[in-house]
Each structure stands twice: as C-alpha cells, then as structure tokens.
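If you want the working numbering, it's the 1-based position in the sequence shown plus 4. Idealized CB from N, CA, C, for every residue including glycine.
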Amino acid sequence: MKPFERFPDSFWAGLAPFVVAGLIIFTSAPVTQIPFPHPVIFYLSLFFSVVVVTGVIGWSNLVEELGFDVTMPEEKPEHTWFRYIVLILIGLAFGYGMYLMTSSRPMSYLGLIPFPADFSMAEVLLSLPMSVTAVNWLVVALFEEVQRNACSFIFANWAYRRFRLAKDSAVVAGVLLGSTCFVLLHYVSWGTLFNLTNFMFGVIMASAFSLLGWTLASRYLGPLAFFEFSIVPGIVAHFIWDFLVDMHLRVMPGAFALLVLP
Numbered sequence: 005m006k007p008f009e010r011f012p013d014s015f016w017a018g019l020a021p022f023v024v025a026g027l028i029i030f031t032s033a034p035v036t037q038i039p040f041p042h043p044v045i046f047y048l049s050l051f052f053s054v055v056v057v058t059g060v061i062g063w064s065n066l067v068e069e070l071g072f073d074v075t076m077p078e079e080k081p082e083h084t085w086f087r088y089i090v091l092i093l094i095g096l097a098f099g100y101g102m103y104l105m106t107s108s109r110p111m112s113y114l115g116l117i118p119f120p121a122d123f124s125m126a127e128v129l130l131s132l133p134m135s136v137t138a139v140n141w142l143v144v145a146l147f148e149e150v151q152r153n154a155c156s157f158i159f160a161n162w163a164y165r166r167f168r169l170a171k172d173s174a175v176v177a178g179v180l181l182g183s184t185c186f187v188l189l190h191y192v193s194w195g196t197l198f199n200l201t202n203f204m205f206g207v208i209m210a211s212a213f214s215l216l217g218w219t220l221a222s223r224y225l226g227p228l229a230f231f232e233f234s235i236v237p238g239i240v241a242h243f244i245w246d247f248l249v250d251m252h253l254r255v256m257p258g259a260f261a262l263l264v265l266p
C-alpha cells in the first residue's frame with residue numbers, strides 16, 4: 005500500500021504544479037523590469053499551481069484530505085481541537101526557532117544570508133500596514149504549504165513504486181524532492197541572495213516543516229488527514245518565519261537593506 009492512497013504516484017503529476025508556477029514567475033521577470041516577481045504575478049503563480057494540484061489529485065480527494073473531520077474512533081470533537089492547539093503551538097515554536105537559528109552569528113560565518121525568504125514583494129509590503137502584510141503571509145503560507153506538501157506526497161508515492169522503498173523512506177525522499185522543487189521556484193525572488201548555502205538551508209527548512217507533521221501523525225497519533233498534520237504545523241511555522249522576516253526588514257539598518265533590496 006503506497007504512503008498516500010488518495011494521491012497519484014506519477015513523477016510528472018508531482019512536477020506539474022511547480023512547472024506551472026515556475027513558468028509564470030520566470031517569464032514575468034523581463035516584463036516587470038524588476039529582479040523580483042510582481043505581487044500579482046506571485047499570487048497568480050500560487051493560485052494556478054494549487055489549481056493544478058487539485059487537478060492531479062482530484063477535487064474530492066483534496067477535499068477529503070483537507071477536511072477537519074479527523075477525529076479518532078470514540079474521540080470527542082473537543083479533543084481534536086485540543087490537538088489543533090498543540091500543533092499550532094508546535095508550529096509557532098518551530099518557526100521562531102528556525103528564525104533565531106538563521107539570524108544567529110554562527111550561521112553568518114557560513115555565508116548564509118540571515119533571511120533567505122521571499123523578498124519578491126518586499127518593496128510593496130514594507131509600505132503597507134503590518135496587519136495587511138500579516139494577512140498576506142498567512143495566504144502565502146497556506147498556498148505554498150498545500151502546493152509543496154501535496155507534490156511531496158505524490159513524489160513519495162512515486163519513489164515508493166519506482167524504487168521499492170520502505171514507506172518512511174519514500175516519504176522522506178518525496179519531501180526532499182518536493183522541497184527542492186519548491187526552493188528552486190525562489191530563484192528569481194531571492195535574486196543575488198540565491199547561493200548554494202541558502203539553497204541547501206531552504207531545502208532543509210522546507211523539508212523539516214513537512215517531516216515534523218508526518219512524524220507526529222505516523223508515530224504518535226496514527227495517519228489522519230493531510231491537513232491536520234502536514235499543513236497545520238507547516239502553515240504556522242511558515243507564517244511565523246515570513247512574518248518575522250517582514251518585521252525585521254522594517255527595522256533593518258539601511259546599509260544592510262541596500263544589500264538585499266533592489
């Protein structure tokens with residue numbers, strides 16, 4: 005039995021959403037005349053990528069996977085919501101911990117820019133109220149986590165079938181492949197900040213968001229819904245990461261700002 009029964013096991017099905025998003029982002033760069041995708045282009049790439057995800061998985065399967073009805077046998081609804089609160093707190097701690105690690109002095113010695121995140125909309129967002137940018141990063145986190153996790157699970161099924169891996173090994177391989185494709189989409193938005201160190205760290209960080217949820221689900225509470233375990237902690241951690249970067253950019257010294265903003 006493949007790791008994720010509702011997801012296909014085709015390599016090309018997993019790659020298609022990234023290809024669609026990449027084509028929109030990369031072809032828009034010359035048109036917008038700036039080194040980062042225009043905010044509208046950025047959102048379009050996410051939207052159409054998730055549309056493709058829905059197409060390759062199937063609407064009914066995606067609805068089932070994203071459903072909230074994930075109570076265990078004989079479990080009361082309030083216990084489910086307690087788990088959600090715990091997972092949200094785990095995501096908060098995880099995202100904040102990753103932020104502290106990347107902004108630490110030892111990491112700077114490795115050539116890691118403290119904030120290898122989405123600078124694609126930095127100029128626009130820095131001119132908006134914090135509340136507006138918070139909503140923006142929440143939407144971005146939701147779309148990107150659905151995109152990356154769904155494609156990673158498709159890749160996991162493919163690795164399980166193609167290489168006859170154990171289920172856990174296939175999941176790790178799928179998440180690494182999906183996270184690699186995801187980080188490559190950031191090539192334009194990172195601009196000159198895109199180097200091997202930032203790339204490798206981005207893959208590790210993205211993979212950690214997914215594997216955190218998978219570990220909780222498979223080791224402690226049983227394989228429940230895709231949304232609860234792979235999306236909830238990841239969305240929260242992703243949101244905290246981007247939002248903290250956004251806040252830091254607002255108070256960042258001018259000299260450093262000149263290095264990372266166009």
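Worksheet item: What number of angstroms, rounded off, separates the C-alpha of residue 186 from the C-alpha of residue 93?
Response: Computed Cα separation, rounded: 25 Å.
Discussion item. Count Cβ pairs between the region 54–68 and the region 205–212 that sit closer than 8 Å; are there 3 or more?
Written reply: Judged by Cβ distances under 8 Å, the region 54–68 makes no contact with the region 205–212, as fewer than three pairs qualify.
Item to complete: Assign residue 13 to one of three DSSP states: helix, strand, or coil.
Response: In the structure shown, residue 13 sits in coil (DSSP, three-state: anything other than H, G, I, E or B).
Practice prompt. Go ahead and pull the three-state DSSP assignment for residue 6.
Written response: Residue state, collapsed to three classes: coil.
Practice prompt. For residue 199, name the three-state secondary structure that DSSP assigns.
Written response: Here DSSP, grouped into helix, strand and coil, assigns residue 199 to coil.
Worksheet entry | Backbone secondary structure at residue 189 - three-state DSSP | Coil, per DSSP.
Worksheet entry | Alpha carbon of residue 181 to alpha carbon of residue 213, nearest angstrom | C-alpha separation (whole angstroms): 14 Å.
Item to complete: Please confirm whether residue 8 and residue 163 have their CB atoms less than 9 Å apart.
Response: When the beta-carbon positions are compared, residue 8 and residue 163 stay at least 9 Å from each other.
Worksheet item: What did DSSP end up calling residue 3 once you bin it into helix, strand or coil?
Response: In this structure the chain extends from 5 to 266, so residue 3 is not present and cannot be described.
Fill in: Buried versus exposed, by CB contacts within 10 Å (16 or more), residue 120
Note on residue 120: pLDDT 44, under 50, position unreliable in the model; no value is reported.
Item to complete: Would you kindly work out how many angstroms separate the C-alpha atoms of residue 191 and residue 29, rounded to a whole number?
Response: Straight through space, the alpha carbons of residue 29 and residue 191 are spaced by roughly 10 Å.
Discussion item. For residue 250, which residues in the same chain have their Cβ closer than 7 Å to its Cβ, ignoring the five residues on either side in sequence?
Written reply: Excluding positions up to five away in sequence, the list reads 129, 137 and 141.
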